[in-house]
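Have a look at the structure below, then the notes.
There are 2 protein chains.
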Amino acid sequence: MTCVSEYSPQLHALGFRTTSQRMTILHVLRHAGGHLSPKQVYDLACREMPSLTEPTIYRTLEFLAENGLVLAAHVGNGKIVYELSNGNHHHLICRNCGRSLEIEHAPLQKLYRQLESSTGYKLDSSHVTFFGLCPGCQ
Amino acid sequence: MTCVSEYSPQLHALGFRTTSQRMTILHVLRHAGGHLSPKQVYDLACREMPSLTEPTIYRTLEFLAENGLVLAAHVGNGKIVYELSNGNHHHLICRNCGRSLEIEHAPLQKLYRQLESSTGYKLDSSHVTFFGLCPGCQ
DNA sequence: TGAACTATTGTAAAAACTTGCAATAAGGAT
DNA sequence: ATCCTTATTGCAAGTTTTTACAATAGTTCA
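Here it is as structure tokens:
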């Protein structure tokens, strides 16, 4: 399945346009697998499409995150990283060594229902980051 | 209780020095009550101490957060805000209007224990941010 | 297919944040 | 009180991120 054939219909269904910039950025994220910082996305995407500019990278990543095509995760000091949103998972990050672990959404489900009923908010099950110390750093 | 008499011993106990820059920044955060962005801290702190510089603000906020005197919270798009760390609470933020709600730590306690035993990590109970839609924006 | 509409991108400049290094000043010892 | 050590700050320059607006290029419709 190519990036275009997969993502173009999703964008179209939401009323947005398919552009080569968006396809390139999605392709880079898919190819990379894990998290990438905006800078990393920029560097990799420029290889495939040298005309890409920084504002486009930032705007597109934010746009894709808002529309659920990618996941924006907070990792450490106010830094934000992006990855393809394949399934719901969360992160647990060691604040000493920075090593991160993925957490399934399932164990959070009960808490989510509880918070939703007590606050009236409808929670995004998209992403939460927990910080702590990994076994090696304790 | 003044800022100096409260925070100076805390810093000293951790082996750090009491400086007027740190006291000014803590004073600003205490006086403000809620979250402040680094820029807001800078603007307010400069009124009390015009010689303060931006690098000092950023470094000091990060330093204070690392040492538990202030809390660094992620609010929205990769932005980080700081507040005095009075008690453990978490945030629930509406991704549409940005309105935030504080959540007690208690309801998360069970989840924390569960995650700690399944991952081996020792979790900071300091801060987690949930995103969702508030009742008004749904 | 071509024209029209407007979402999206590029440009240029500003604002926010970071880094390395030299100067300063807090805290301990004399 | 003064000196010494070194943590902390300021400075200057760099990098990252944002903004406003004009130019471009998807998409729809005739």
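Residue numbers (our numbering), protein chains in the order written: chain A, 1 to 138; chain B, 1001 to 1138.
Cβ atoms here follow ideal geometry from the backbone N, Cα and C, with glycine treated the same way.
Asked	Found
C97 (chain A) - DSSP class collapsed to helix/strand/coil	coil
heavy atom of the ligand ATP below 8 Å from V4 (chain A) C-beta	Annotation note on the ligand ATP: not contained in the displayed structure, which lists no ligands.
For Y82 (chain A), three-class secondary structure by DSSP	strand
Chain B within 9 Å of V128 (chain A), Cβ atoms only	yes
Ranges of the beta strand (DSSP E) found wholly within the region 1042-1079 of chain B, counting only runs of at least 3	1070-1074
Alpha carbon of F131 (chain A) to alpha carbon of H1127 (chain B), nearest angstrom	8 Å
Closer than 8 Å at the beta carbon, the chain B residues around G34 (chain A)	Neighbours of G34 (chain A) on chain B: none; closest Cβ ~18 Å, over 8 Å.
Proximity test, Cβ basis, 9 Å: L115 (chain A) and chain B	yes
Residue environment, E1104 (chain B), which counts as buried when at least 16 other CB atoms sit within 10 Å	exposed
Local Cβ density within 10 Å of H1031 (chain B), reported as buried at 16 or more and exposed below that	exposed
Cβ of H74 (chain A) within 9 Å of any chain B Cβ	yes
CB contact below 9 Å: G120 (chain A) versus chain B	yes
At least 3 beta-carbon pairs within less than 8 Å: the region 1030-1050 of chain B vs the region 1080-1098 of chain B	yes
Option in B:L1123, B:Q1021, B:Q1109, B:R1095 with minimal Cα separation from L1052 (chain B)	B:Q1021
C-beta neighbour in chain B for C46 (chain A), strict 9 Å	no
Chain A within 9 Å of F1131 (chain B), Cβ atoms only	yes
C1097 (chain B) classed as buried or exposed, judged by whether at least 16 other C-beta atoms fall within 10 angstroms	exposed
Any C-beta of chain A under 9 Å from that of Q1138 (chain B)	yes
Paired residues, beta bridge with K122 (chain A) - DSSP	B:L1133
Span separating the alpha-carbon of P1107 (chain B) from that of L108 (chain A)	11 Å
Proximity of A123 (chain A) and L69 (chain A) at Cβ, strictly below 9 Å	Strictly speaking, residue 123 (chain A) in this sequence is Leu, with Ala absent from that position. Not a contact, by the Cβ cut-off of 9 Å.
Residue environment, T1024 (chain B), which counts as buried when at least 16 other CB atoms sit within 10 Å	buried
3 or more residues per run - each beta strand (DSSP E) lying fully within the region 1003-1031 of chain B	none
Whether Y121 (chain A) touches P1135 (chain B) by CB criterion (9 Å)	yes
Residues that DSSP places opposite H105 (chain A) in a beta bridge	Looking at the DSSP assignment, H105 (chain A) forms no beta bridge with any residue, so it has no partner.
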